[in-house]
Amino acid sequence: MQLTLLKAKLHQARVTHAVPDYEGSCAIGGDLLDMAGIREYEQIQIYNVTNGERFTTYAIRGEGGSGIISVNGAAAHKASVGDVVIICAYAQFDEAELDAFKPRMLYMNADNSVSHTSNAIPVQFA
970 MQLTLLKAKL HQARVTHAVP DYEGSCAIGG DLLDMAGIRE YEQIQIYNVT NGERFTTYAI
1030 RGEGGSGIIS VNGAAAHKAS VGDVVIICAY AQFDEAELDA FKPRMLYMNA DNSVSHTSNA
1090 IPVQFA
């Protein structure tokens, strides 16, 4: 059996650019892609915390160290500069891979620098 699990997450990143006339995608700083283990052209889900939009696109490499999060093409209508977003990538795993798997999660500061990283989400209490 194959299961789809969270592979990587950039939590509370800030949109730095929204460019409707650019070929569709989301440019993410190359250093952030590498830290998260997200590959260029990999499918990503973007959850806009600011306005509630959720959409699918793919990642492209932005300038390393720039903190760029550029939502491009039609998706630029779903996010504005300054919006807070969560960017997720998912992967398929078989049962044998699950025990050793841990996601890569980057928690972002307001300037899109990394506050801290984790590979587990704390238990949510009632």
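In the working numbering, the protein residues as written are 970 to 1095.
Note that beta-carbon positions come from the ideal geometry of N, C-alpha and C, so glycine has one too.
Please read all numbers here as calculations on a predicted model, not as lab measurements.
I'd like to check one pair, residue j with residue i: are the Cβ atoms closer than 8 Å?
| i | j | result |
| --- | --- | --- |
| Ser1084 | Tyr1076 | yes |
| Ile1056 | Ala982 | yes |
| Tyr1059 | Leu972 | no |
| Thr1019 | Val1053 | yes |
| Glu1011 | Tyr1027 | yes |
| Gly1049 | His986 | For clarity, residue 1049 is Ser in the given sequence; the question names Gly instead. No, the pair does not count as a contact, with Cβ atoms beyond the cut-off. |
What would DSSP say about residue i, mapped onto helix, strand or coil?
| i | result |
| --- | --- |
| Ala1043 | helix |
| Gln1061 | strand |
| Ser994 | strand |
| Tyr1010 | coil |
| Phe1024 | strand |
| Val1054 | strand |
| Ser1087 | strand |
| Ile1029 | strand |
| Ile1037 | coil |
Could you please give the first and the last residue of the uninterrupted alpha helix (DSSP H) stretch that includes residue i?
| i | result |
| --- | --- |
| Met1004 | Gly999 to Ala1005 |
| Ala1065 | Glu1064 to Leu1067 |
Starting from residue i and walking both ways along the beta strand (DSSP E), at which residues does that stretch end?
| i | result |
| --- | --- |
| Thr973 | Gln971 to Arg983 |
| Val1018 | Unbroken run through Val1018: none, as it is neither H nor E. |
| Ser987 | It should be pointed out that residue 987 corresponds to Ala in this sequence rather than to Ser. Taken as a continuous stretch (DSSP letters only), the beta strand (DSSP E) holding Ala987 covers His986 to Val988. |
Counting contacts by CB-CB distance shorter than 8 Å, is residue i in contact with chain C?
| i | result |
| --- | --- |
| Ala977 | Included in the structure is just one protein chain, with no chain C present. |
Contact the segment 1060-1068 vs the segment 982-999: 3+ CB pairs below 8 Å:
no
Any contact between the segment 1034-1042 and the segment 997-1014? By contact I mean 3 or more CB pairs, one from each, below 8 Å.
yes
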